[in-house]
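First to last, the sequence lines map onto chains A and B.
The numbers in our numbering rise by one with no breaks, and the one at position 185 of the first sequence is 191.
The numbers in our numbering rise by one with no breaks, and the one at position 317 of the second sequence is 323.
Don't be surprised by glycine CBs; every beta carbon is placed ideally from N, CA and C.
Heads up: the structure comes next, in structure tokens.
Protein chains: 2
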Amino acid sequence: MYKIAVDVMSGEKAPEELIKGAVNAAKEEADIELTLIGRYDIINQELAKLDIDKNRVKIEKADQIINMDEAPIKALKKKKNATVNVGAKLLRSGEIDAFISPGNTGSVMAGSLLRVGRIKGISRPPIAVNFPAKKGSTLVLDNGANTDCSPENILQFALMGQLYAKHIMKIDEPRVALLNIGEEKSKGNNLSKESYELLEKDPRIKNFIGNCEGRDIFEDKCDVLVTDGFVGNVVLKTTEGAASFFVELIKESFESDLRSKLAGLLIKPYLKKVLNKIDYRQYGGAPLLGIKGVVIIAHGSSDATAICNAVKAAKNSVKENIVSLIKSEVEKNEELD
Amino acid sequence: MYKIAVDVMSGEKAPEELIKGAVNAAKEEADIELTLIGRYDIINQELAKLDIDKNRVKIEKADQIINMDEAPIKALKKKKNATVNVGAKLLRSGEIDAFISPGNTGSVMAGSLLRVGRIKGISRPPIAVNFPAKKGSTLVLDNGANTDCSPENILQFALMGQLYAKHIMKIDEPRVALLNIGEEKSKGNNLSKESYELLEKDPRIKNFIGNCEGRDIFEDKCDVLVTDGFVGNVVLKTTEGAASFFVELIKESFESDLRSKLAGLLIKPYLKKVLNKIDYRQYGGAPLLGIKGVVIIAHGSSDATAICNAVKAAKNSVKENIVSLIKSEVEKNEELD
């Protein structure tokens, strides 16, 4: 059994959508042992509405929430019974295999770092986000966990991304690239030049293809793209902004007059398919890699679909033993030294 | 008269489209004195096809081109008669007021820095790019001229961006923001935290609104957004990539079957309007600010429309005296010291 826990009190759509999504995943996959973290009364009330065997779902009491605008570490210390604290402790003790939260990202990161801990040898756990591409997808990391990075951090992101792409995304020999502002090795800032050197010479990176640029994220150019958390987060939010801008422009164009409205009606189902392709919900959240346990940061506006996919993705990471894989990869480094 | 010169030998659509675009601008605005830089024979041959009074167009001979893949400084030194060298020299001597090139961006920057020179007090001239937004546009700088920046560089970008937004984009009190990964002052990497401090306390920045995130570029949140050239260039290319990805997805959705094809036919003219809104060609290239002369870097794939708009934008910068405005702004700083 895969023991997956979900913080069902945080995020914009808590608790109803989150509980529904988690329960759906457990219904679909019989080897999931679900733990819902939050208030007993609320969770029981929601569970009553859903058609699920009560033995399939555990409840772990947590009656505090860390809000989106709270300072993570301060809040973690003050609110001992916050969902994130409870989840992290369960993960540390091995009572659960994976923890998912759509709450305050900083608090999920800090909670995981402080209470679960880093894998020995990993200095900075990164957030990995899957970006849709014309063909397949591109796993970008770090997306905001680490704002100032060293070349060594970038190398570790690449190692973890490579493992994730191979074992979870099932890509045979993942193409690993460095996000840069030109293709040539000599391009970029100091960090990218030094990171290039490290990536190029490390034998553990099997298929380093060099630099990729921002536009290549959406092409079939690389599978894993590494950068520091500041740049990664800017890329993520710029993409979100551009997507919402486009969707609005397209919608506007369908509202010009009768002719365009008719076209809008005709194309609606097809457009929906298109929008699904760029829908973050399908990717099941962003793993925080390098932690001694599976942690998935779900989008703050996650609904039932997003959480259902996040639970399945978490199960998959547990099943494929991503934590052990990262551990042995880092040990290889120690042998190399 | 405004003396505007165009490098008509560089870029993907040289020379025909570039000459046509430049000539169109001169036809539309009688106070433009046009100089075309390139090979006599080619330019004369193209001019013969166009209906323009020959006295309105000067030709400056330059029989070498710096290719896209050449190392800028080396190429500038080797190819003395390259279009970029010729243009920069004319600008320095005052024979022209503005120089436009769709060629190798690095060579235009290096040529401008070496042969025209920086305005005293400006340490790093940035490239300013106008991004379309739901309402108006957002001027982002730097977009790639300076990969490793200091907080002082960022402050200068803000000062120049503010002037450009006010005098060229005609925005009364431009909202200046720092590109960051969160709204709070405490967010971001070391560079952004230190830059925030400088921007906040400098009395010359009239309307500093704090941090903006990647997604805010496309909203009506700020008019000028500053960041280092590495991040700015990543943002630019990510946006280009996302745009091309969306357009392809939309096109695909219209090709599913008869119904969607019909919808495609109906919506085509409206979609075209939408795509025009995000068409870089309307913005007339990206100014390189802080140089002792008006320099505009045009997109490598600029066609006649793009170059026509670039010529008009260049004229506007000369007319509004952007170089003198930047000079006096920097002098204010020296008085403050």
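*Limits of the beta strand (DSSP E) - the one that residue 41 of chain B falls within*: On the second sequence, position 35 is the one that residue 41 of chain B refers to. Residue 41 of chain B -> beta strand (DSSP E) spans 38 to 44.
*asked:* Using C-beta distances below 8 Å, list every residue in its chain close to residue 224 of chain B, excluding the 5 sequence neighbours before and after it, in chain order.
replied: Within the second sequence, residue 224 of chain B is the residue found at index 218, counting from 1. In the same chain as residue 224 of chain B, and ignoring 5 residues on each side of it, the C-beta atoms closer than 8 Å to its own belong to 137, 138, 139, 140 and 144, in chain order.
*asked:* Quick check on DSSP: helix, strand or coil for residue 137 of chain B?
replied: As a first step, residue 137 of chain B is located in the second sequence; it is residue number 131 there, counting from the start. Three-state result, residue 137 of chain B: strand.
*Test: residue 100 of chain A CB closer than 8 Å to a CB of chain B*: What you label residue 100 of chain A is simply residue 94 of the first sequence in a count that begins at 1. Answer no: the Cβ-Cβ gap between residue 100 of chain A and chain B never drops below 8 Å.
*DSSP three-state assignment for residue 14 of chain A, whether helix, strand or coil*: One-based indexing of the first sequence puts residue 14 of chain A at position 8. If DSSP states are grouped into helix, strand and coil, residue 14 of chain A belongs with coil.
*Looking only at its own chain, which residues have a Cβ that is under 7 Å from the Cβ of residue 311 of chain B, when we skip the five neighbours before and after it?*
Along the second sequence, one-based indexing puts residue 311 of chain B at 305. Contacts found: 27 and 287.
*Mind pulling the alpha helix (DSSP H) runs of 4 or more residues that sit fully within the stretch 196 to 261 of chain A?*
196 to 207 and 235 to 259
*Measuring CB to CB, does residue 8 of chain B end up less than 8 Å from residue 262 of chain A?*
Along the second sequence, one-based indexing puts residue 8 of chain B at 2. Along the first sequence, one-based indexing puts residue 262 of chain A at 256. Contact flag unset, no.
*Listed from N- to C-terminal order along the chain, which residues in the stretch 112 to 137 of chain A have their beta-carbon within a distance smaller than 8 Å of any beta-carbon of chain B?*
Flagged: no residues at all.
*Does DSSP put residue 78 of chain A in a helix, in a strand, or in coil?*
In the first sequence, residue 78 of chain A corresponds to position 72, counting from 1. Reduced to three states, the DSSP call for residue 78 of chain A is helix.
*Name the residues in the stretch 143 to 168 of chain A whose C-beta lies less than 8 Å from a C-beta of chain B; which are they?*
150, 153 and 154
_Let me confirm a value: residue 190 of chain B is counted as buried when at least 16 other C-beta atoms fall within 10 Å, else exposed. Which label applies?_
Locating residue 190 of chain B in the second sequence gives position 184, counting from the first residue. Exposed.
*By a C-beta neighbour count over all protein chains shown, 10 Å radius and 16 as the cutoff for buried, is residue 343 of chain A buried or exposed?*
In the first sequence, residue 343 of chain A corresponds to position 337, counting from 1. Bear in mind that a pLDDT of 47 at residue 343 of chain A, under 50, signals an unreliable position, so the number given afterwards is only what the model happens to contain. By the neighbour-count rule (16 or more Cβ atoms within 10 Å), residue 343 of chain A is not buried but exposed.
*Please list the partners that residue 222 of chain A has in chain B, where partner means a Cβ-to-Cβ separation under 9 Å.*
In the first sequence, counting from the first residue as 1, residue 222 of chain A sits at position 216. Those within 9 Å of residue 222 of chain A in chain B are 243 and 247.
*Apart from the five residues on each side of it in sequence, which residues of its chain come closer than 7 Å, Cβ to Cβ, to residue 330 of chain B?*
Along the second sequence, one-based indexing puts residue 330 of chain B at 324. Nothing meets the Cβ criterion.
*Identify every run of the alpha helix (DSSP H) within the stretch 258 to 307 of chain B, keeping only runs that are complete inside it and at least 4 residues long; order them along the chain.*
264 to 283
*Sort A/316, A/298 and A/106 by Cα distance to residue 16 of chain A and report the nearest one.*
In the first sequence, counting from the first residue as 1, residue 16 of chain A sits at position 10. Per the Cα distances, A/106.
*When you check each C-beta in the stretch 68 to 97 of chain B against every C-beta of chain A, which residues fall closer than 9 Å?*
Per Cβ criterion, the list reads 75 and 77.
*asked:* I want to know whether the stretch 214 to 223 of chain A touches the stretch 241 to 249 of chain B - three or more CB-CB distances under 8 Å.
replied: yes
*So residue 96 of chain A and residue 11 of chain A are in contact, right, with Cβ under 8 Å, and what is the actual spacing, rounded?*
Against the first sequence, residue 96 of chain A aligns to sequence position 90. Against the first sequence, residue 11 of chain A aligns to sequence position 5. That belief holds up - the Cβ atoms of residue 96 of chain A and residue 11 of chain A are roughly 6 Å apart, short of 8 Å.
*Quick one: measure Cβ to Cβ for residue 109 of chain A and residue 49 of chain A, integer angstroms, because I've assumed they're closer than 8 Å.*
Within the first sequence, numbered from 1, the residue matching residue 109 of chain A stands at position 103. Within the first sequence, numbered from 1, the residue matching residue 49 of chain A stands at position 43. Not quite, the Cβ-Cβ distance comes to about 16 Å (not below 8 Å), so this is no contact.
_Coarse secondary structure for residue 143 of chain B, derived from DSSP in three states_ = As a position in the second sequence, residue 143 of chain B is number 137, starting the count at 1. Judged by DSSP in its simplified three-state form, residue 143 of chain B adopts strand.
*If you measure from the beta carbon of residue 259 of chain B to each beta carbon in chain A, is any gap under 8 Å?*
Position 253 of the second sequence, counted from the start, is the residue given in the question as residue 259 of chain B. So yes, residue 259 of chain B belongs to the interface.
*Please name the residues in the stretch 274 to 303 of chain A whose beta-carbon is closer than 8 Å to at least one beta-carbon of chain B, in chain order.*
Against chain B - using a Cβ distance shorter than 8 Å - the residues of the stretch 274 to 303 of chain A are 276, 277, 279, 280, 283 and 284.
_Cβ-based neighbour list, residue 325 of chain A, same chain, cut-off 7 Å, excluding 5 preceding and 5 following_ = Locating residue 325 of chain A in the first sequence gives position 319, where the first residue counts as 1. 8.
*asked:* Rounded to the nearest angstrom, what separates residue 299 of chain A and residue 121 of chain A at their Cα positions?
replied: Taking the first residue of the first sequence as position 1, residue 299 of chain A is located at position 293. Taking the first residue of the first sequence as position 1, residue 121 of chain A is located at position 115. If you draw a straight line from the Cα of residue 299 of chain A to the Cα of residue 121 of chain A, it comes to about 11 Å.
*Give the residues from the stretch 182 to 206 of chain B that approach chain A closer than 7 Å (Cβ to any Cβ), ordered along the chain.*
185, 187, 194, 195 and 196
*Secondary structure of residue 20 of chain A, DSSP reduced to three states*: Within the first sequence, residue 20 of chain A is the residue found at index 14, counting from 1. Three-state DSSP puts residue 20 of chain A in coil, outside helix and strand.
*asked:* With a threshold of 8 Å between beta-carbons, can residue 219 of chain B be considered close to chain A, or not?
replied: As a working mapping, residue 219 of chain B is identified with position 213 in the second sequence. For residue 219 of chain B, the answer is yes, since a Cβ of chain A falls inside 8 Å of its Cβ.
*Quick check: the stretch 229 to 240 of chain B against the stretch 147 to 160 of chain B, are there 3 or more CB pairs under 8 Å?*
yes
*What residues from the stretch 40 to 70 of chain A come within 9 Å of chain B, judged by C-beta to C-beta, listed N to C?*
The residues in question: there are none.
*Figure out for me which residue from B/111, B/102 and B/55 has the closest Cα to the Cα of residue 308 of chain B.*
Here residue 308 of chain B is taken as the residue at index 302 of the second sequence, counted from 1. Residue 308 of chain B has its Cα closest to that of B/111, out of B/111, B/102 and B/55.
*Please work out which residues of its chain come closer than 7 Å, Cβ to Cβ, to residue 179 of chain B, disregarding the five sequence neighbours upstream and downstream, and give them in chain order.*
The residue labelled residue 179 of chain B in the question sits at position 173 within the second sequence. Closer than 7 Å at Cβ, skipping near neighbours: 212 and 213.
*asked:* 8 Å is my cut-off, CB to CB: does residue 323 of chain A come that close to chain B?
replied: Taking the first residue of the first sequence as 1, we reach residue 323 of chain A at position 317. Taking Cβ atoms only, chain B never reaches closer than 8 Å to residue 323 of chain A, which makes this a no.
*Helix, strand or coil for residue 193 of chain B, going by three-state DSSP, please let me know.*
Here residue 193 of chain B corresponds to residue number 187 of the second sequence, with the count starting at 1. Residue 193 of chain B falls in the coil class under three-state DSSP.
*For the beta strand (DSSP E) that residue 321 of chain A lies in, which residues bound it at each end?*
For the purposes of this step, residue 321 of chain A is identified with residue 315 of the first sequence, where counting begins at 1. Careful: residue 321 of chain A lies outside any beta strand (DSSP E), inside the alpha helix (DSSP H) at 310 to 325.
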